[in-house]
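Structure first, then comments.
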Amino acid sequence: MATPDQKSPNVLLQNLCCRILGKSEADVAQQFQYAVRVIGSNFAPTVERDEFLVAEKIKKELTRQRREADAALFSELHRKLHSQGVLKNKWSILYLLLSLSEDPRKQPSKVSGYAALFAQALPRDAHSTPYYYARPQSLPLNYQERGAPSAQSAGSAGSSGVSSLGTYALNGPTPPPPPPTLLPGQPLPAPGVGDGLRQQLGSRLAWTLTASQPSLPSTTSKAVPSSGSRGAARPRREGDAAAGAVEVTEAALVRDILYVFQGIDGKHVKMSNADNCYTVEGKANLSKSLRDTAVRLAELGWLHNKIRKYTDQRSLDRSFGLVGQSFCAALHQELREYYRLLSVLHSQLQLEDDQGVNLGLESSLTLRRLLVWTYDPKMRLKTLAALVDHCQGRKGGELASAVHAYTKTGDPYARSLVQHILSLVSHPVLSFLYRWIYDGELEDTYHEFFVASDPAVKADRLWHDKYALRKPMIPSFMTMDQCRKVLLIGKSINFLHQVCHDQTPTTKMIAVTKSAESPQDAADLFTDLENAFQGKIDAAYFETSKYLLDVLNKKYSLLDHMQAMRRYLLLGQGDFIRHLMDLLKPELVRPATTLYQHNLTGILETAVRATNAQFDSPEILKRLDVRLLEVSPGDTGWDVFSLDYHVDGPIATVFTRECMSHYLRAFNFLWRAKRVEYILTDIRKGHMCNARLLRSMPEFSGVLHHCHILASEMVHFIHQMQYYVTFEVLECSWDELWNRVQRAQDLDHIIAAHEAFLGTVISRCLLDSDSRVRHAPRGSVLGFLGRAYAAGGQAGRRAGGRVSDQWCDVASGLRGVVVPSQGCP
2 MATPDQKSPN
12 VLLQNLCCRI
22 LGKSEADVAQ
32 QFQYAVRVIG
42 SNFAPTVERD
52 EFLVAEKIKK
62 ELTRQRREAD
72 AALFSELHRK
82 LHSQGVLKNK
92 WSILYLLLSL
102 SEDPRKQPSK
112 VSGYAALFAQ
122 ALPRDAHSTP
132 YYYARPQSLP
142 LNYQERGAPS
152 AQSAGSAGSS
162 GVSSLGTYAL
172 NGPTPPPPPP
182 TLLPGQPLPA
192 PGVGDGLRQQ
202 LGSRLAWTLT
212 ASQPSLPSTT
222 SKAVPSSGSR
232 GAARPRREGD
242 AAAGAVEVTE
252 AALVRDILYV
262 FQGIDGKHVK
272 MSNADNCYTV
282 EGKANLSKSL
292 RDTAVRLAEL
302 GWLHNKIRKY
312 TDQRSLDRSF
322 GLVGQSFCAA
332 LHQELREYYR
342 LLSVLHSQLQ
352 LEDDQGVNLG
362 LESSLTLRRL
372 LVWTYDPKMR
382 LKTLAALVDH
392 CQGRKGGELA
402 SAVHAYTKTG
412 DPYARSLVQH
422 ILSLVSHPVL
432 SFLYRWIYDG
442 ELEDTYHEFF
452 VASDPAVKAD
462 RLWHDKYALR
472 KPMIPSFMTM
482 DQCRKVLLIG
492 KSINFLHQVC
502 HDQTPTTKMI
512 AVTKSAESPQ
522 DAADLFTDLE
532 NAFQGKIDAA
542 YFETSKYLLD
552 VLNKKYSLLD
562 HMQAMRRYLL
572 LGQGDFIRHL
582 MDLLKPELVR
592 PATTLYQHNL
602 TGILETAVRA
612 TNAQFDSPEI
622 LKRLDVRLLE
632 VSPGDTGWDV
642 FSLDYHVDGP
652 IATVFTRECM
662 SHYLRAFNFL
672 WRAKRVEYIL
682 TDIRKGHMCN
692 ARLLRSMPEF
702 SGVLHHCHIL
712 ASEMVHFIHQ
722 MQYYVTFEVL
732 ECSWDELWNR
742 VQRAQDLDHI
752 IAAHEAFLGT
762 VISRCLLDSD
772 SRVRHAPRGS
782 VLGFLGRAYA
792 AGGQAGRRAG
802 GRVSDQWCDV
812 ASGLRGVVVP
822 SQGCP
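The structure is reproduced here in structure tokens:
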């Protein structure tokens with residue numbers, strides 16, 4: 002074949018270089034090579050000159066950086082800029098701003114192999130046709146494929162974006178095999194050899210340009226695969242065809258994975274109900290690394306489905322309560338952030354499929370890139386899924402405790418996430434709490450708060466039974482002491498309003514501070530639980546308790562009633578008790594069935610007017626009354642008589658029925674002991690009066706002497722017992738009670754101190770159930786008194802019967818002290 006025409010482009014270009022430089026062909030080889038690179042370069046911009054396309058890219062970049070507010074502001078500013086006609090090249094300005102916003106430390110993204118070659122003016126490897134870079138999806142041919150073209154490429158020269166050197170065989174001699182030094186990045190051939198080689202390659206390249214010039218339009222259109230071909234399956238290999246396997250590209254897997262991220266089955270990655278996980282279909286012909294990577298990425302979809310299923314189920318459950326709905330809202334908020342990331346990924350994929358945007362292959366989505374980009378979201382969803390598992394079957398304060406337990410993790414990223422969720426979940430709990438401690442109102446429809454209310458309880462038992470702690474609902478971030486104070490605060494407010502009928506506004510009792518009006522306020526409060534939160538509770542507790550105690554002491558005279566109990570029911574008013582016993586003696590010696598309460602009440606009023614009791618407050622005296630106990634056969638008035646003290650209103654909260662029962666038991670014990678002392682005193686007086694009469698009966702002198710000794714011992718016994726009860730029991734216990742009442746900070750402290758006082762009195766007076774086993778030793782005393790009574794009775798009958806009656810009274814009185822009275826035998 003003849004040599005190429007002297008007017009071919011490569012010869013003309015070489016001649017032009019020689020003419021301009023004035024050198025020979027061997028000397029201008031380098032300049033000729035550069036000219037060939039310039040002619041074959043593609044100087045088209047990498048992006049379309051579209052103003053709105055650049056604006057959208059800026060907004061998506063801001064969204065990707067979680068700067069939604071800045072994205073909205075940019076959109077508004079761009080709208081204003083577009084409406085003005087001052088600037089002409091708006092696209093250039095936006096593109097400049099986008100370029101300047103890129104991190105200078107970030108290395109520029111690499112384009113594909115051939116795009117880099119031709120964008121840098123074909124460095125050294127000038128043995129191919131110009132590359133028309135028109136689509137970001139263009140896949141470069143391997144260098145091995147370029148050196149060994151297939152039959153298809155040989156039959157359609159110029160159908161590839163990069164034509165093989167084999168096309169020269171159609172019109173020219175067979176070229177020698179390309180040397181290995183032609184690959185990019187390898188050293189140049191040795192001098193001399195390189196010059197000739199470059200000249201030869203330049204001639205072949207120029208000739209190839211001429212031969213393929215008519216087919217440039219088809220080359221450009223066929224060089225880039227369509228958007229559909231990028232995700233399509235590659236042709237099957239011969240070995241795969243028999244097995245029925247399908248070659249799946251990584252791009253197709255990426256598209257499937259993006260759907261799986263949203264819980265939607267893809268074409269090749271689907272949910273396996275048997276394994277409860279996403280799996281890649283078995284007929285997909287994939288390498289193990291791609292399959293494993295796809296399965297790891299699909300875990301994100303499984304986590305998403307787990308969280309979404311929980312929120313969908315619980316959001317429709319009204320009984321889940323406000324705390325539960327807040328938890329679902331927090332999960333929805335996190336899912337929205339997750340969906341925003343998926344939107345960015347979908348936009349990236351759409352940009353790659355868009356004809357108007359040119360991106361390098363290094364910027365395209367791959368499974369590896371998805372694995373890196375979704376690492377943080379995956380950790381976030383894992384934490385949320387663990388929370389969902391831990392919170393199953395919980396609600397209210399128990400749910401808040403479950404969330405709070407996850408703030409103890411050592412991972413700062415997970416701790417920050419859980420603390421944000423906790424601020425949302427605990428907001429209803431704190432709203433309940435502040436409404437309770439500042440208004441006394443309990444709006445807990447779904448029983449989520451740790452304070453429970455029983456609407457069936459009446460006002461007289463409000464303090465004791467109406468409100469209580471619901472322990473499972475106590476949040477773990479609150480201590481038991483804090484919860485007790487919270488309960489007392491609201492209970493004090495309701496006690497004042499409903500029992501004391503004090504309608505003083507809460508704002509006058511408590512210096513109301515700012516409550517948790519928003520989740521952010523709740524989050525700020527959680528940062529200082531030991532100071533700010535504790536300070537609010539303590540302030541409300543001390544102020545409400547102090548106000549309640551002031552009302553009880555000043556308006557309802559609580560301490561005065563307590564002292565009246567001590568004086569009248571515990572026999573502290575000595576002159577009144579002695580005079581009352583003198584007045585009641587004629588009445589109480591009669592059978593119990595013949596007594597009338599109004600007669601005894603009149604005697605009581607007479608005793609009050611005749612003693613220092615008349616100076617007590619009328620409010621106290623009108624509550625003092627007479628009470629007759631249940632009558633048994635053979636009982637006398639001494640066995641059924643008792644004083645009583647009526648209590649009602651707020652003071653009945655302290656002096657409950659159980660407390661009044663203890664007071665009556667103590668009064669009966671002390672009253673019988675006082676009666677024995679009274680009888681022994683009468684015996685002593687009778688002995689002194691009858692001393693002269695008894696001298697005339699010498700036969701009874703021995704017996705009467707023993708009776709006198711016995712009477713003295715009984716007087717001594719009664720005095721010792723009264724001393725023990727009066728000083729060791731009553732006075733010591735009363736002093737302790739009074740000190741505790743003076744130091745009491747709330748009504749519960751007063752109630753507890755009063756109950757402890759009564760318990761001490763009952764137990765030390767041997768009146769409790771545990772002391773019944775101690776009655777046996779005292780039975781011997783009773784037997785001795787019975788024998789003494791019998792001896793005294795015989796002597797008395799001989800002496801006229803008077804002494805017998807007195808001994809009967811002594812025995813009956815002591816029997817009532819030692820055991821329940823059974824009457825005189």
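According to the working numbering, the sequence shown is numbered sequentially starting from 2.
Every residue, glycine too, gets a C-beta built ideally from N, C-alpha and C.
What you are looking at is a predicted structure, and each value in this text was computed from that prediction instead of being measured.
Range of the contiguous alpha helix (DSSP H) that encloses Leu54: 52-65
Proximity test, Leu14 beta-carbon vs the ligand ATP heavy atom, cut-off 6 Å: Questions concerning the ligand ATP fall outside what the structure shown contains, since it holds no ligand whatsoever.
Residue from Arg381, Leu366, Thr294, Gly575 whose Cα sits closest to the Cα of Leu332: Arg381
Counted within 10 angstroms of its Cβ, other Cβ atoms place Pro651 as buried (16 or more) or exposed: buried
Outcome for Asn669 when other beta-carbon atoms lying within 10 angstroms are tallied against a minimum of 16: buried
Given Thr367 as reference, the closest of His347, Ala386, Leu385 once Cα atoms are compared: His347
N- and C-terminal bounds of the beta strand (DSSP E) containing Cys278: 278-281
Residue-chain proximity (Ser290, chain B), Cβ-Cβ < 7 Å: This model lacks chain B altogether, as it is built from one protein chain only.
Asp390 to Lys383 span [Cα, whole Å]: 11 Å
The beta strand (DSSP E) enclosing Leu470, as first and last residue numbers: 468-470
Beta-carbon separation (whole angstroms), Gly394 vs Ile438, contact threshold 8 Å: In fact, because the Cβ distance is near 29 Å, the residues do not count as touching under 8 Å.
Span of the beta strand (DSSP E), counted from its first residue to its last, around Arg628: 625-629
Where the alpha helix (DSSP H) through Met566 begins and ends: Element bounds for Met566: n/a, residue is neither H nor E.
Alpha-carbon spacing of Gln743 relative to Phe433, whole angstroms: 33 Å
Bridge partner(s) assigned by DSSP for Glu248: Asn286
contact_flag[the stretch 450-459, the stretch 501-509] where n(CB pairs < 8 Å) is 3 or more: no
Beta strand (DSSP E) segment containing Lys89, residue limits: Element bounds for Lys89: n/a, residue is neither H nor E.
Whole-angstrom C-beta distance between Ser427 and Ala401, which should lie under 8 Å: 5 Å
Met272, enclosing alpha helix (DSSP H) - first and last residue: It is not in any alpha helix (DSSP H) - Met272 instead sits in the beta strand (DSSP E) that spans 270-273.
Nearest residue (CA-CA) to Tyr279, options Leu287, Asn286, Gly267: Gly267
Residue range of the alpha helix (DSSP H) that includes Phe758: 748-765
Same chain only: Cβ atoms within 8 Å of Glu544, ignoring 5 sequence neighbours per side: Met510, Ile511, Ala512
Counted within 10 angstroms of its Cβ, other Cβ atoms place Ser618 as buried (16 or more) or exposed: exposed
Helix, strand or coil at Ala253 [DSSP, three-state]: helix
Three-state class that DSSP yields for Ala453 in the structure shown: strand
Whole-number beta carbon distance between Leu254 and Leu291, since they are thought to touch under 8 Å: 7 Å
Cβ separation of Leu572 and Leu671, assumed to be a contact under 8 Å, to the nearest whole Å: 5 Å
Same chain, Cβ closer than 7 Å to Cys484, neighbours up to 5 away in sequence not counted: Phe451, Leu470, Ile475
Backbone secondary structure at Phe262 - three-state DSSP: coil
Cβ-based neighbour list, Val194, same chain, cut-off 6 Å, excluding 5 preceding and 5 following: Confidence at Val194 is low in this model, with a pLDDT of 40, below 50, so the placement of that residue is unreliable and no value is reported for it.
Selection from Tyr340, Gly398, Ser316 that minimises the alpha carbon distance to Ala330: Ser316
Beta carbon of Leu768 nearer than 7 Å to that of Ala754: no
Touching by the beta-carbon criterion (3+ pairs, under 8 Å), the stretch 714-726 and the stretch 552-568: no
For Gly325, the nearest candidate out of Leu287, Thr294, Ser273, Leu423 (CA to CA): Leu423
Cys733 classed as buried or exposed, judged by whether at least 16 other C-beta atoms fall within 10 angstroms: exposed
Segment limits, beta strand (DSSP E) that includes Arg643: The question names Arg, yet the displayed sequence has Ser at residue 643. Segment 642-646, the beta strand (DSSP E) holding Ser643.
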